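Data first, discussion second: the structure below is written as structure tokens.
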Amino acid sequence: MTTIVEIERAHVGGVDTHADVHVAAVIDPQGGLLGVESFRANPDGYKDLSVWMRNFGTIGMVGVEGTGSYGAGLSRHLRSVGLVVVEVDRQNRQARRRQGKSDPLDAVEAARAAQSGRAFGTAKTRDGSVEAIRALMVARRSARESRTKAMNQIRQLIYTAPDELRERFIGTPPWRLAEGVALLRVHADTDQVRMATKTALATLGRRAVALDEEGSRLDALIARLVDSVAPELVQLVGVGYDTAALLLIAAGDNPSRLRSEATWAKLCGVSPLECLLGQGDPSSAEPRRRPPGQSRALAHRAEPHVVPRTDQDLRCPSHYRGQVQERDHAHTQALRCPGGLPLPAPGIAVRSGGPGPHIPAAAS
């Protein structure tokens with residue numbers, strides 16, 4: 169007697185997210201389309217979407233586009249009702265080329281990407297302290313950029329200001345420049361250019377000072393959250409609160425979604441790819457540090473894999489001091505070039521009291 173055991177396979181959902189309306193689709197285990205529907209992008213719409221999907225049967229997973237933008241709220245709701253959310257970051261371009269661009273098509277392709285395994289990354293939960301750090305870092309980054317822009321405008325205005333203003337602020341250290349121009353008082357003046365320049369400098373100075381204070385408050389909040397999440401991270405050499413915050417944001421509130429160290433390296437944008445430089449010879453393959461288009465968690469660090477030098481490393485070793493003394497370079501200049509400076513070109517002598525070269529006078 170033969171017994172046939174039927175195994176029920178779960179359906180798969182897909183969602184194309186937008187600012188106002190989300191388009192959802194459900195496919196069966198064989199990839200057949202069961203239904204497509206639109207829902208409002210609000211809590212009531214999220215609830216209706218999840219109920220509508222479960223009316224077709226058991227939902228194994230849901231592929232969602234934009235889990236870090238328009239689909240963040242929907243992803244949190246789907247996880248709260250027990251559904252597995254898979255992040256879909258790119259649509260099938262061949263299907264879009266054949267059938268065109270439409271929201272229902274994108275929802276169906278999101279479901280099929282999750283079902284086939286083409287999209288397999290677990291979405292970030294975005295419901296913990298790391299998400300709070302990310303929100304504060306957005307404000308901190310814009311404050312830093314705005315202050316830099318204001319300081320650049322202040323410097324350019326000083327260069328072109330009337331002589332009395334230029335002589336007053338030229339050569340002022342950058343950390344005192346904003347405070348100095350912020351104290352300017354504008355009075356009625358027959359010289360319109362001088363009056364307008366003082367008004368602009370005072371406005372930009374007060375803006376830069378306010379942004380500096382705002383950044384300090386945000387830095388304190390970020391440091392407090394980083395210490396509560398990963399206090400051991402900032403104990404590493406060369407890792408401050410900014411770098412630690414970026415690393416935590418890249419990992420997310422659910423770092424268990426990172427399956428291996430290679431996954432983490434690719435997420436940070438330091439995963440090498442092999443590229444054949446010869447005529448198909450595998451031996452000529454060389455690694456490339458950052459694949460094009462790959463996100464990078466440490467964009468402000470030119471070489472994330474290089475550990476910065478500590479205070480103890482600033483001391484020159486004995487063999488290095490010998491090279492510096494033989495080449496007659498100033499010690500401060502040698503520190504800026506750890507590998508040692510090249511020998512001077514023929515015909516150029518080096519001063520014994522300073523780092524700069526000079527050309528000796530021609531013999532008469």
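Residue numbers are given in the numbering used here: position 212 of the sequence shown equals residue 380, and the series is strictly consecutive.
We put the beta carbon where it would ideally sit given N, CA and C, even for glycine.
Only a predicted model underlies this, so the values are computations on that prediction, with no experimental measurement involved.
Residue i: which of the options sits nearest, CA to CA?
i              : options                        : result
valine 394     : Ser384, Gly383, Leu386, Tyr409 : Tyr409
alanine 318    : Arg362, Leu372, Gln283         : Leu372
tryptophan 540 : Ala307, Arg362, Glu381         : With the chain represented from 169 up to 532, any question about residue 540 goes unanswered, as that position is not in the structure.
valine 183     : Gly231, Gln198, Leu201, Gly200 : Gly231
valine 349     : Arg375, Asp188, Gly250         : Arg375
alanine 279    : Ser424, Thr185, Ile322         : Thr185
glycine 225    : Val407, Gly181, Arg309         : Gly181
glycine 234    : Asp274, Glu347, Arg309, Gly199 : Asp274
tyrosine 238   : Arg208, Ile390, Leu426         : Arg208
asparagine 223 : Gly236, Asp196, Leu304         : Asp196
glutamate 277  : Gln360, Gly203, Ile322, Val219 : Gly203
leucine 414    : Ala391, Ala364, Ala187         : Ala391
alanine 291    : Ala430, Ala433, Leu426, Leu369 : Leu426
glycine 420    : Met221, Gly200, Gly236         : Gly236
glycine 200    : Ala178, Val189, Ser218, Trp220 : Ala178
isoleucine 326 : His355, Arg294, Ala370         : Ala370
valine 252     : Ser218, Arg261, Ala263, Val361 : Ser218
glutamine 283  : Val306, Met229, Asp359         : Met229
arginine 336   : Ser396, Arg294, Lys366, Asp387 : Lys366
proline 423    : Ala281, Val298, Gly250, Arg264 : Val298
aspartate 295  : Gln267, Lys269, Leu246         : Leu246
asparagine 320 : Leu304, Leu345, Val306         : Leu345
arginine 323   : Pro341, Ala433, Arg264, Gln360 : Pro341
valine 249     : Arg264, Ile227, Ala263         : Ile227
methionine 305 : Thr431, Arg385, Ala187         : Arg385
glutamate 205  : Arg264, Arg261, Gln198, Ser270 : Ser270
Check the C-beta distance from residue i over to residue j and give it rounded, since I have them as a contact under 8 angstroms.
i           : j              : result
valine 194  : proline 272    : That pair is no contact at about 12 angstroms.
glycine 383 : arginine 302   : Not confirmed; about 17 angstroms, so no contact.
valine 397  : leucine 416    : 6 angstroms
leucine 559 : alanine 418    : It is not possible to answer for residue 559, since the shown part of the chain is limited to 169 through 532.
leucine 389 : alanine 311    : The Cβ separation is near 12 angstroms, so there is no contact.
valine 354  : methionine 363 : 6 angstroms
Can you tell me where the beta strand (DSSP E) with residue i in it begins and where it stops?
i            : result
alanine 193  : 189-195
arginine 208 : 201-208
valine 253   : 253-256
Counting along the chain, where does the alpha helix (DSSP H) carrying residue i start and finish?
i              : result
isoleucine 227 : That residue, isoleucine 227, is in no alpha helix (DSSP H); its beta strand (DSSP E) goes 227-233.
leucine 404    : Neither: leucine 404 is in no alpha helix (DSSP H) and is coded neither H nor E.
proline 330    : Where proline 330 is concerned, there is no enclosing alpha helix (DSSP H), given that its DSSP letter is neither H nor E.
tyrosine 214   : 211-222
arginine 434   : Sequence check: residue 434 is lysine here, not arginine. Segment 429-435, the alpha helix (DSSP H) holding lysine 434.
lysine 269     : First-last for lysine 269: undefined, no H or E at that position.
serine 243     : 240-248
serine 237     : Careful: serine 237 lies outside any alpha helix (DSSP H) and carries neither H nor E.
leucine 345    : 342-350
valine 438     : Note, valine 438: premise wrong, no alpha helix (DSSP H); not H, not E.
valine 354     : No alpha helix (DSSP H) contains valine 354, which DSSP labels as neither H nor E.
arginine 294   : First-last for arginine 294: undefined, no H or E at that position.
glutamine 360  : 360-397
Looking at the strands, I want to know which residues DSSP matches up with residue i.
i             : result
histidine 179 : Ile227
glycine 289   : Glu255
aspartate 421 : Per DSSP, none; premise fails for aspartate 421.
aspartate 184 : Val191
Could you check if residue i belongs to the surroundings of the ligand SAM, using beta carbon to heavy atom distance under 8 angstroms?
i              : result
methionine 229 : Judged by which ligands are present, the structure shown has none, so any question about the ligand SAM falls away.
Practice task
Count the C-beta pairs between the region 332-342 and the region 299-316 that are closer than 8 angstroms, then say yes if the count reaches three, no if not.
Solution key: no
Problem - Cβ contact (3+ pairs, closer than 8 angstroms) linking the region 275-288 and the region 250-257 - result: yes
Practice task
Specify whether the region 210-222 and the region 236-247 touch according to this definition: at least 3 beta carbon pairs, one from each stretch, less than 8 angstroms apart.
Solution key: yes
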